[in-house]
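Chemist:
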Amino acid sequence: MASRLNDIQLNVYSNNSKLETKTQMQAGSETTGSTVQECESASVRPRFGNRFLSADDDVFQHNAWDNIQWDEEQEQAALEGVKKNSSVKLPGTEVDRLAMEADKNWDRFYGIHQNRFFKDRHWLFTEFPELAPFKNTSDVPERVLPDGGTVRHVDATSVANQPRTIFEIGCGVGNTVFPILKYSHEDNLMVYASDFSQQAIDILRQNPEYDPQRCQAFVLDATAENWEVPFAENSIDIVVLIFVLSAIDPDRMQHIANQIARYLKPGGLVLLRDYGRYDLAQLRFKPGKCVKDNFYVRGDGTLVYFFTQEDLRKLFVEAGLIEEQNIVDRRLQVNRGKMIKMYRVWVQVKFRKPCAD
129 MASRLNDIQL NVYSNNSKLE TKTQMQAGSE TTGSTVQECE SASVRPRFGN
179 RFLSADDDVF QHNAWDNIQW DEEQEQAALE GVKKNSSVKL PGTEVDRLAM
229 EADKNWDRFY GIHQNRFFKD RHWLFTEFPE LAPFKNTSDV PERVLPDGGT
279 VRHVDATSVA NQPRTIFEIG CGVGNTVFPI LKYSHEDNLM VYASDFSQQA
329 IDILRQNPEY DPQRCQAFVL DATAENWEVP FAENSIDIVV LIFVLSAIDP
379 DRMQHIANQI ARYLKPGGLV LLRDYGRYDL AQLRFKPGKC VKDNFYVRGD
429 GTLVYFFTQE DLRKLFVEAG LIEEQNIVDR RLQVNRGKMI KMYRVWVQVK
479 FRKPCAD
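By our numbering, the letter at position 69 of the sequence shown is numbered 197, and the numbering carries on one by one without gaps.
Written out as structure tokens, the structure is:
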């Protein structure tokens, strides 16, 4: 058991401290494949990744393998790893201090890294084709991906040539916002972008690609009881959360889900991708870094939670939304130079607000 735990946990990290922080915080979820013909069911991984590891393959032949299945021994080893690193909890006084300094910690993070830490998320249109613009020449709802592929029969959150509003919570410095704005030349598109960090919003607004006619960026504490936002309730087509909800105290997640449901228009959609239970970033935490079950503090004072499918189902169903997709994305990334294996686990969901009767 110990050797298997070493294989999935201890053997996957660099000793470089900058790399270890980046490994924990950046998803690195670039995908292969380009075209999806139909919408997928809620429990099946979309056919975006197409590199599968078989018994005859050399694991170090490629940089990544898709849809990796863990065996029972590997699952048990991960469970034991989490049990061990959760055995010593962070003192209550330290937890209170982190809560008070949360905004300062994120301001410090963006003050140091500016816009250099995360890469622009061009994979968004593959994972979430609903973000791509409509193909205006098509009589059937169809969206066009940046690589020229098309997605047909994707349920429209708004029809072609009608105003379309996208709201990102936790936008950072715009790694999601700018790919959307760059590719979608629709005159009817408005992207709202919010973040907890004033520093992040300032950097985003200074980007030459920031166009206030198409994008409005503002500071928002999503855990606040009331949101001060530049749009009305029941007005947003799509809410996007990319590796953001995991930074929130689990006790406040239901409130955020409820608020999202309030601002979505009937038929509107939530798109979320985040850290999954037993991701390598969770297994690497040392005892004493656990705030509460599956919720940890990083070295820079920022926090991270690791989700199960049921965690997210409970949040959004209780908020009155309907599940359309809920998948676990397990991938094996390898460093062929150092012969290192890295087992990543992400969750990806889509929930829709029921249409009005």
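Heads up, the beta-carbon is just placed ideally off N, CA and C, and yes, glycines get one too.
In this text, all values refer to a predicted model and were calculated from it rather than measured experimentally.
What is the C-beta distance between D432 and A375, in whole angstroms, given that I count them as a contact (C-beta under 8 Å)?
Modeler: Here residue 432 refers to the residue found at position 304 of the sequence shown. Here residue 375 refers to the residue found at position 247 of the sequence shown. Reading off the sequence shown, one finds Val at residue 432, where the question assumed Asp. Indeed, because the Cβ distance is near 6 Å, the residues count as touching under 8 Å.
Chemist: In its own chain, which residues sit with a C-beta less than 6 Å from the C-beta of D362, not counting the 5 before and 5 after it?
Modeler: For the purposes of this step, residue 362 is taken as the residue at position 234 of the sequence shown. According to the sequence displayed, residue 362 carries Asn and not Asp. Within the same chain, N362 has close Cβ partners K393.
Chemist: Quick check for students: name the residue ranges of the beta strand (DSSP E) that lie wholly in the stretch 362-393, counting only runs of 3 or more.
Modeler: Counting whole runs of 3 or more residues, the stretch 362-393 contains the beta strand (DSSP E) stretches 364-370.
Chemist: Count the other CB atoms within 10 Å of the CB of V367; is the residue buried (16 or more) or exposed (fewer)?
Modeler: Locating residue 367 in the sequence shown gives position 239, counting from the first residue. With 16 or more Cβ atoms within 10 Å of its Cβ, V367 is classed as buried.
Chemist: Taking its Cβ as the centre, do 16 or more other Cβ atoms sit within 10 Å of T304, making it buried, or is it exposed?
Modeler: By one-based count along the sequence shown, residue 304 stands at place 176. The residue is buried, with at least 16 neighbouring Cβ atoms inside 10 Å.
Chemist: Is G156 helix, strand or coil when you go by DSSP?
Modeler: Here residue 156 is taken as the residue at index 28 of the sequence shown, counted from 1. For G156, the predicted model reports a pLDDT of 41, less than 50, meaning its position is unreliable; a value from the coordinates is still stated below. It is coil, neither helix nor strand.
Chemist: Is the distance from the Cβ of D457 to the Cβ of V475 below 9 Å?
Modeler: Residue numbering aside, residue 457 sits at position 329 when the sequence shown is read from its first letter. Residue numbering aside, residue 475 sits at position 347 when the sequence shown is read from its first letter. Against a cut-off of 9 Å, the Cβ pair of V475 and D457 comes out as a contact.
Chemist: Once DSSP output is grouped into helix, strand and coil, what is the label at K478?
Modeler: Taking the sequence shown and counting its residues from 1, one reaches residue 478 at position 350. Strand at K478.
Chemist: Where does the unbroken alpha helix (DSSP H) through L317 begin, and where does it stop?
Modeler: In the sequence shown, the residue the question calls residue 317 occupies position 189. Element bounds for L317: not the alpha helix (DSSP H) but the beta strand (DSSP E), L317 to D323.
Chemist: Determine contact between the stretch 402-419 and the stretch 317-337, defined as no fewer than three beta-carbon pairs at a distance below 8 Å.
Modeler: Touching, no.
Chemist: For R333, which three-state DSSP category applies?
Modeler: The count along the sequence shown starts at 1 and reaches residue 333 at position 205. Helix.
Chemist: Out of L460, V319, L440 and G427, point me to the one whose CA is closest to Q382's CA.
Modeler: By 1-based counting over the sequence shown, the position of residue 382 is 254. For the residues L460, V319, L440 and G427, the minimum Cα distance to Q382 belongs to L440.
Chemist: So for D224, helix, strand or coil by DSSP?
Modeler: For the purposes of this step, residue 224 is taken as the residue at position 96 of the sequence shown. Helix.
Chemist: Between the C-alpha atoms of S162 and T254, what's the straight-line distance to the nearest angstrom?
Modeler: Your numbering for residue 162 matches position 34 in the sequence shown. Your numbering for residue 254 matches position 126 in the sequence shown. Since pLDDT at S162 reaches only 28, below the 50 mark, its modelled position is unreliable, and the value read off the structure follows with that caveat. So the two alpha carbons sit approximately 7 Å from each other.
Chemist: Comparing C-alpha positions only, which one of M470, D428 and I370 sits nearest to V477?
Modeler: To locate residue 477, count along the sequence shown from 1; it is residue 349. The shortest C-alpha separation from V477 is found at I370.
Chemist: Nearest CA to the CA of L449: which residue from A484, T430 and R342?
Modeler: For the purposes of this step, residue 449 is taken as residue 321 along the sequence shown, with counting starting at 1. When only C-alpha atoms are compared, the closest one is A484.
Chemist: Taking its Cβ as the centre, do 16 or more other Cβ atoms sit within 10 Å of H281, making it buried, or is it exposed?
Modeler: The residue you call residue 281 lines up with position 153 of the sequence shown. For H281, the pLDDT reaches just 48, beneath the cut-off of 50, and the residue's location in the model is therefore unreliable, although a value from the coordinates is still provided. When all chains shown are included, H281 counts as exposed.
Chemist: From F423 to P307, what distance separates their C-alpha atoms?
Modeler: Position 295 of the sequence shown, counted from the start, is the residue given in the question as residue 423. Position 179 of the sequence shown, counted from the start, is the residue given in the question as residue 307. Distance between the alpha carbons of F423 and P307: 30 Å.
Chemist: Report yes or no: do the stretch 197-211 and the stretch 405-418 share at least 3 C-beta pairs separated by less than 8 Å?
Modeler: Yes, since at least three Cβ pairs between the stretch 197-211 and the stretch 405-418 fall closer than 8 Å, the two stretches touch.
Chemist: Helix, strand or coil for V445? Go by DSSP, reduced to three states.
Modeler: Working through the sequence shown from its first residue, we reach residue 445 at position 317. Correct three-state label for V445: helix.
Chemist: Between which residues of its own chain and E200 is the CB-CB distance below 6 Å, once the five residues before and five after are set aside?
Modeler: Reading the sequence shown from its first residue, position 72 is the one you call residue 200. Closer than 6 Å at Cβ, skipping near neighbours: no residue.
Chemist: Since I364 and G396 are thought to touch, with beta carbons under 8 Å apart, how far apart are those beta carbons, to the nearest angstrom?
Modeler: On the sequence shown, residue 364 is found 236 positions in, with the first residue counted as 1. On the sequence shown, residue 396 is found 268 positions in, with the first residue counted as 1. Correct: roughly 6 Å between the Cβ atoms.
Chemist: Buried or exposed: V216, going by 16 or more other Cβ atoms within 10 Å of its Cβ?
Modeler: In the sequence shown, residue 216 corresponds to position 88, counting from 1. Result: exposed.
Chemist: Under the DSSP definition of a beta bridge, which residues are partnered with F253?
Modeler: As a position in the sequence shown, residue 253 is number 125, starting the count at 1. Looking at the DSSP assignment, F253 forms no beta bridge with any residue, so it has no partner.
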